[in-house]
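*Asks:*
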Amino acid sequence: MELKKFIINLAPTPLVKLFANPYVAGDSINATTDTAQNFWEKRHVCSTIDLLGEELDSDEEVQYTVNVYERLIHALSSHEYATISLKPTQLGSHRSTEHCKTVIEGIVAQAEQHDKKVTLDMEDHTLTDLTLDIYHALNKDHPTFGTVLQSRLFRTDDDIRSLKNLSARIRICIGIYNEPKEIALQSKPEMKKKLLEQVELLFKEGHYPEIATHDEAVIREAIEIAEKLKIKKSQYEIQMLMGVPKQAFQNELIRNGILIRLYVPFAEKWKYAIAYCKRRMAANPAMAVYIVKNILHKIRGKR
Ligand SMILES: Cc1cc2nc3c(=O)[nH]c(=O)nc-3n(C[C@H](O)[C@H](O)[C@H](O)COP(=O)(O)OP(=O)(O)OC[C@H]3O[C@@H](n4cnc5c(N)ncnc54)[C@H](O)[C@@H]3O)c2cc1C
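Just so you know, we're using numbering that gives the first Met the number 0 here: the sequence shown kicks off at 0 and counts up by one.
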């Protein structure tokens with residue numbers, strides 16, 4: 000695992016860009032809304048649009064991010080099939096929870112005026128409290144505001160229980176960040192088993208789970224749980240990342256009346272997309288081999 004990470008970090012930017020192509024909608028708001036529009040018109044697939052960027056530590060970069068989200072909200076106002084996703088570390092968490100909350104509330108309030116729902120992505124465990132504090136604080140006045148929980152964290156069952164009576168919109172996923180064994184499951188099958196238990200808990204507590212996984216068996220089982228509990232198809236959705244080749248399966252689910260939403264990321268400035276693209280590379284096992292071959296090819300070419 001560590002070797003794969005090391006190799007991916009060595010990958011030259013042009014190679015990362017080439018690899019990232021299917022995973023990133025474009026380098027402008029227009030290109031991104033065109034992509035989302037196409038998904039909707041051609042396949043009836045919804046989107047959640049995310050401006051790539053994380054761990055921003057300057058007020059200027061945060062202000063730039065706010066500005067892009069404001070333009071995005073305006074551009075999306077006639078597209079009712081799209082929501083917006085954003086991250087605390089691109090919106091002021093470097094200053095304080097309070098500052099981050101104020102910045103995010105500004106975006107959520109604007110989005111609300113244009114009938115757009117906003118989801119606060121979940122980053123690594125050092126940000127779980129901050130993210131959920133902001134979620135709870137804003138949810139009172141903005142009930143369509145949603146967030147994400149990660150099944151790998153031991154705390155997640157309690158976090159679900161803390162949502163009691165909120166009818167919360169919660170994206171539930173295994174979580175992309177490697178977390179210490181003291182606080183998180185380490186085996187993927189266990190994370191997925193837990194995810195299904197948590198989908199069931201979310202249903203039972205009256206929430207709207209957004210089940211984010213590409214694992215077809217897990218999705219089928221989640222749907223069986225919904226059927227067993229007599230949960231209507233309008234009370235949950237399945238989410239996947241743009242670029243992961245699951246079209247046939249998505250089409251099958253859509254034909255069965257299940258809402259599919261793709262995570263559609265974009266970046267106006269390439270440097271903000273790098274971390275996301277490297278995570279996607281790490282999630283695709285064939286990639287490390289491809290990168291090694293490319294690096295060796297370059298080294299040989301230079302001799
Ligand atoms: C819409 C969405 C939003 C997310 N938001 C968050 C978030 O806010 N915070 C967070 O921590 N995590 C987030 N994640 C990531 C998630 O937690 C998982 O890390 C990720 O989805 C991989 O887990 P999986 O359940 O799909 O299972 P996996 O076992 O990883 O994948 C199942 C199958 O999908 C295919 N696949 C998966 N990834 C790729 C890829 N990159 N390229 C090609 N094929 C692939 C493979 O065939 C694989 O066997 C999000 C995921 C999605 C889909």
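For each residue, glycine too, the CB sits at the ideal point set by N, CA and C.
1. With distances taken from CA atoms, which of Tyr262, Glu223 and Thr96 is nearest Cys172?
2. Could you have a look at Gly25 and say whether DSSP puts it in helix, strand or coil?
3. By the three-class DSSP mapping on this structure, what secondary structure does Thr34 have?
4. The beta strand (DSSP E) spanning Gly256 covers which residue range?
5. Per DSSP, what kind of secondary structure is Gln109 in: helix, strand or coil?
6. Rounded to whole angstroms, what is the Cα-Cα separation between Arg151 and Asp158?
7. Whole angstroms are fine: how far does the CA of His213 sit from the CA of Lys245?
8. On a Cα-Cα basis, can you pick out the residue from Trp39, Met241, Arg154 and Gly205 that is closest to Lys163?
9. Let's see if you can read the secondary structure: which residues bound the beta strand (DSSP E) around Ala266?
10. According to DSSP, is Ile210 part of a helix, a strand, or is it coil?
11. Keeping to the same chain, check which residues put their C-beta closer than 7 Å to that of Arg302; ignore five residues upstream and five downstream.
12. Am I right that Leu200 and Asp156 are in contact with their C-beta atoms under 8 Å? What's the rounded C-beta distance?
13. Which residues in the same chain have their Cβ closer than 6 Å to the Cβ of Phe248, if we skip the five residues on either side of it in sequence?
14. I need the DSSP call for Leu50, collapsed to helix, strand or coil.
15. Considering only C-alpha positions, which residue in the set Glu111, Leu126, Glu79 and Tyr80 is nearest to Gly91?
16. List the whole-angstrom C-beta distance separating Lys116 from Thr82, where the pair is believed to meet the contact cut-off of C-beta under 8 Å.
17. Determine contact between the stretch 133-142 and the stretch 101-109, defined as no fewer than three beta-carbon pairs at a distance below 8 Å.
18. What is the DSSP secondary structure of Ala167, reduced to helix, strand or coil?
19. I'd like the list of long-range same chain contacts for Tyr80, defined as Cβ closer than 6 Å, with 5 residues on each side in sequence excluded.
20. For ligand 1, any of its heavy atoms closer than 8 Å to the Cβ of Glu122?
21. Contact check, Ile237 vs Ile210 under 8 Å by CB: the rounded distance?
22. Whole-angstrom Cβ separation of Tyr271 and Gly52, contact assumed at under 8 Å?
23. Compute every distance between the C-beta of Val147 and the non-hydrogen atoms of ligand 1, then say whether any falls below 8 Å.
24. Roughly how many angstroms separate the alpha carbons of Lys193 and Lys229, rounded to a whole number?
*Replies:* According to the data block:
1. If you number the sequence shown from 1, residue 172 lands on position 173. When each option's Cα is compared against that of Cys172, the closest is Tyr262.
2. By 1-based counting over the sequence shown, the position of residue 25 is 26. It is coil, neither helix nor strand.
3. Translated into positions along the sequence shown, residue 34 becomes position 35. Here Thr34 sits in helix by DSSP.
4. Taking the sequence shown and counting its residues from 1, the one referred to as residue 256 is at position 257. Per DSSP, Gly256 belongs to no beta strand (DSSP E) and is neither H nor E.
5. For the purposes of this step, residue 109 is taken as the residue at position 110 of the sequence shown. In this structure, Gln109 counts as helix in the three-state DSSP scheme.
6. Numbered from 1 along the sequence shown, position 152 holds the residue referred to as residue 151. Numbered from 1 along the sequence shown, position 159 holds the residue referred to as residue 158. The alpha-carbon atoms of Arg151 and Asp158 are separated by roughly 13 Å.
7. Counted from its first residue, the sequence shown places residue 245 at position 246. Counted from its first residue, the sequence shown places residue 213 at position 214. If you take the alpha carbons of Lys245 and His213, they lie about 7 Å apart.
8. Reading the sequence shown from its first residue, position 164 is the one you call residue 163. The shortest Cα separation from Lys163 among Trp39, Met241, Arg154 and Gly205 belongs to Gly205.
9. The residue you call residue 266 lines up with position 267 of the sequence shown. It is not in any beta strand (DSSP E) - Ala266 carries neither H nor E in the DSSP assignment.
10. Translated into positions along the sequence shown, residue 210 becomes position 211. It is a strand residue.
11. Looking up residue 302 in the sequence shown gives position 303. Confidence is the limiting factor: at Arg302 the pLDDT is only 47, short of 50, which leaves the residue's position unreliable, though a coordinate-based value still follows. Here the set comprises nothing.
12. Your numbering for residue 200 matches position 201 in the sequence shown. Your numbering for residue 156 matches position 157 in the sequence shown. About 7 Å; that satisfies the 8 Å criterion.
13. Numbered from 1 along the sequence shown, position 249 holds the residue referred to as residue 248. Only Glu215 meet the Cβ criterion.
14. Taking the first residue of the sequence shown as position 1, residue 50 is located at position 51. DSSP places Leu50 in strand when its eight states are reduced to three.
15. Locating residue 91 in the sequence shown gives position 92, where the first residue counts as 1. It is Leu126.
16. For the purposes of this step, residue 116 is taken as the residue at position 117 of the sequence shown. For the purposes of this step, residue 82 is taken as the residue at position 83 of the sequence shown. Confirmed, Cβ separation roughly 4 Å.
17. yes
18. Here the question's residue 167 lines up with position 168 in the sequence shown. In this structure, Ala167 counts as coil in the three-state DSSP scheme.
19. In the sequence shown, residue 80 corresponds to position 81, counting from 1. Hits under 6 Å: Trp39 and Cys45.
20. In the sequence shown, counting from the first residue as 1, residue 122 sits at position 123. It does: the Cβ of Glu122 is within 8 Å (strictly closer) of some heavy atom of ligand 1.
21. Here residue 237 is taken as the residue at index 238 of the sequence shown, counted from 1. Here residue 210 is taken as the residue at index 211 of the sequence shown, counted from 1. That belief holds up - the Cβ atoms of Ile237 and Ile210 are roughly 5 Å apart, short of 8 Å.
22. Start at 1 with the first residue of the sequence shown, and residue 271 comes out as number 272. Start at 1 with the first residue of the sequence shown, and residue 52 comes out as number 53. Sure, about 4 Å apart at Cβ, within 8 Å.
23. Here residue 147 corresponds to residue number 148 of the sequence shown, with the count starting at 1. Under cutoff, so the answer is yes.
24. For this step, residue 193 is matched to residue 194 along the sequence shown. For this step, residue 229 is matched to residue 230 along the sequence shown. Computed Cα separation, rounded: 21 Å.
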